[in-house]
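**Student:**
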């Protein structure tokens with residue numbers, strides 16, 4: 007560990023990690039209850055992320071009433087509280103202890119894609135359950151992941167340490183040469199396709215009826231090695247305290263058009279979000295880049 011991580015300015019981050027370590031060793035039903043309280047606290051404290059989530063929900067669900075909007079916002083932050091707990095569980099405990107609570111559908115499609123030998127693009131989005139679902143799948147399949155570095159050095163240290171154990175290769179999102187090389191070697195690579203990385207790396211396609219900057223690299227990577235594309239979504243059921251991982255192959259993809267491919271990918275992601283809208287990470291600025299050259303202001 008880098009000695010600078012023990013600097014007093016990082017003590018609050020370590021205190022949060024220490025608290026989460028206690029939480030993830032509690033019984034599962036208690037973890038859910040604590041996560042709801044944690045989510046409520048984050049929402050009530052307010053701040054930038056609450057404003058971003060509020061604005062995203064207004065944009066994507068303009069027809070719901072104010073009371074429905076408030077109820078959804080509450081569920082979003084309670085889900086986010088559980089996402090924090092699940093992520094801590096992934097980093098600080100063995101997922102073997104929770105793996106029996108996961109149901110995986112579509113494994114035969116994933117195995118068939120792997121057997122083709124041209125590499126596999128395992129495409130996901132920022133649903134809750136992200137890290138723990140990836141870890142559960144990594145217990146069964148050897149694959150790599152693309153990730154974005156955290157601005158918090160403590161979070162970066164812990165996440166990279168765990169991901170380096172879980173996945174064959176942990177690839178910085180800017181290292182496309184390595185990504186291409188691994189695909190050509192027949193590797194499976196997992197990454198999220200729902201980020202707004204700016205105008206340079208995107209085309210615009212509808213997402214909840216809003217023109218959204220959508221990564222064009224997904225279809226371009228698939229074309230390089232004619233790699234099959236498998237979409238992965240993952241959700242939790244608080245009542246049964248079980249989780250699901252859902253795998254589906256995207257057929258007739260890629261096409262010759264980046265825009266058509268982006269439209270299809272956004273349609274798939276939106277369809278999955280609508281199943282459990284509270285479990286999507288509405289806290290990120292999904293619509294910050296706009297088509298006409300300006301950027302959306304998140305209040």
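In this note's numbering, the protein residues as written are 7 to 305.
Built from N, CA and C at the ideal position, the CB exists for glycine as well.
Values in this document were obtained by computation on a predicted structure and should not be read as measured data.
(1) Count the other CB atoms, across all protein chains shown, that sit within 10 Å of the CB of residue 249; report buried if there are 16 or more and exposed otherwise.
(2) Decide if the region 235–255 is in contact with the region 109–117; the criterion is three or more beta carbon pairs, one per stretch, under 8 Å apart.
(3) Using three-state DSSP, classify residue 264 as helix, strand or coil.
(4) Within 10 Å of its beta-carbon, does residue 97 have 16 or more other beta-carbons around it, so buried, or fewer, so exposed?
(5) Starting from residue 287 and walking both ways along the beta strand (DSSP E), at which residues does that stretch end?
(6) Is the Cβ-Cβ distance between residue 164 and residue 251 less than 8 Å?
(7) How should residue 130 be labelled, buried or exposed, when 16 other C-beta atoms within 10 angstroms of its C-beta is the threshold for buried?
(8) Along the chain, which unbroken stretches of the alpha helix (DSSP H) at least 4 residues long are found entirely within the region 175–225?
(9) Residue 217 to residue 62, Cα distance in whole Å?
(10) Could you tell me which residues DSSP puts in a beta bridge with residue 248?
(11) Pull up the distance between the alpha-carbon of residue 20 and that of residue 136, whole angstroms please.
(12) Quick check on the burial criterion: 16 or more other C-beta atoms within 10 angstroms. Buried or exposed for residue 17?
(13) In whole angstroms, what separates the C-alpha of residue 40 from that of residue 90?
(14) Please work out which residues of its chain come closer than 6 Å, Cβ to Cβ, to residue 125, disregarding the five sequence neighbours upstream and downstream, and give them in chain order.
(15) Is DSSP giving residue 79 helix, strand or coil here?
(16) Who are residue 295's beta bridge partners in DSSP?
(17) Use the C-beta contact count for residue 295: other C-beta atoms within 10 angstroms, 16 or more gives buried, fewer gives exposed.
(18) Can you give the beta carbon distance from residue 153 to residue 179, rounded, assuming they're within the 8 Å contact cut?
**Tutor:** In brief:
(1) Here residue 249 refers to the residue found at position 243 when the chain shown is read from its first residue. By the 10 Å Cβ count, residue 249 comes out buried.
(2) Yes, the region 235–255 is in contact with the region 109–117.
(3) Numbered from its first residue, the chain shown carries residue 264 at position 258. Residue state, collapsed to three classes: helix.
(4) Position 91 of the chain shown holds residue 97. Residue 97 is buried by the Cβ-count criterion.
(5) Translated into positions along the chain shown, residue 287 becomes position 281. Element bounds for residue 287: n/a, residue is neither H nor E.
(6) The sequence position of residue 164 within the chain shown is 158, counting from 1. The sequence position of residue 251 within the chain shown is 245, counting from 1. No; because the gap between Cβ atoms is not below 8 Å, this pair is not in contact.
(7) Here residue 130 is taken as the residue at index 124 of the chain shown, counted from 1. Classification for residue 130: buried.
(8) 182–190
(9) One-based indexing of the chain shown puts residue 217 at position 211. One-based indexing of the chain shown puts residue 62 at position 56. So the two alpha carbons sit approximately 13 Å from each other.
(10) One-based indexing of the chain shown puts residue 248 at position 242. Looking at the DSSP assignment, residue 248 forms a beta bridge with 243.
(11) Here residue 20 corresponds to residue number 14 of the chain shown, with the count starting at 1. Here residue 136 corresponds to residue number 130 of the chain shown, with the count starting at 1. Near 22 Å, if we compare the C-alpha coordinates of residue 136 and residue 20.
(12) Here residue 17 corresponds to residue number 11 of the chain shown, with the count starting at 1. By the 10 Å Cβ count, residue 17 comes out exposed.
(13) Taking the chain shown and counting its residues from 1, one reaches residue 40 at position 34. Taking the chain shown and counting its residues from 1, one reaches residue 90 at position 84. If I take the Cα positions, the gap works out to 11 Å.
(14) What you label residue 125 is simply residue 119 of the chain shown in a count that begins at 1. So the list reads 189, 192, 193, 231, 233, once near-sequence residues are dropped.
(15) One-based indexing of the chain shown puts residue 79 at position 73. In the three-state DSSP reduction, residue 79 falls in the helix class (H, G or I).
(16) Counting from one through the chain shown, the residue named residue 295 turns up at place 289. Under DSSP, residue 295 takes part in a beta bridge, and its partners are 301.
(17) Looking up residue 295 in the chain shown gives position 289. It is buried - the Cβ of residue 295 has at least 16 other Cβ atoms within 10 Å.
(18) Within the chain shown, the letter at position 147 stands for residue 153. Within the chain shown, the letter at position 173 stands for residue 179. Their Cβ separation, rounded to whole angstroms, is 7 Å, which keeps residue 153 and residue 179 in contact under 8 Å.
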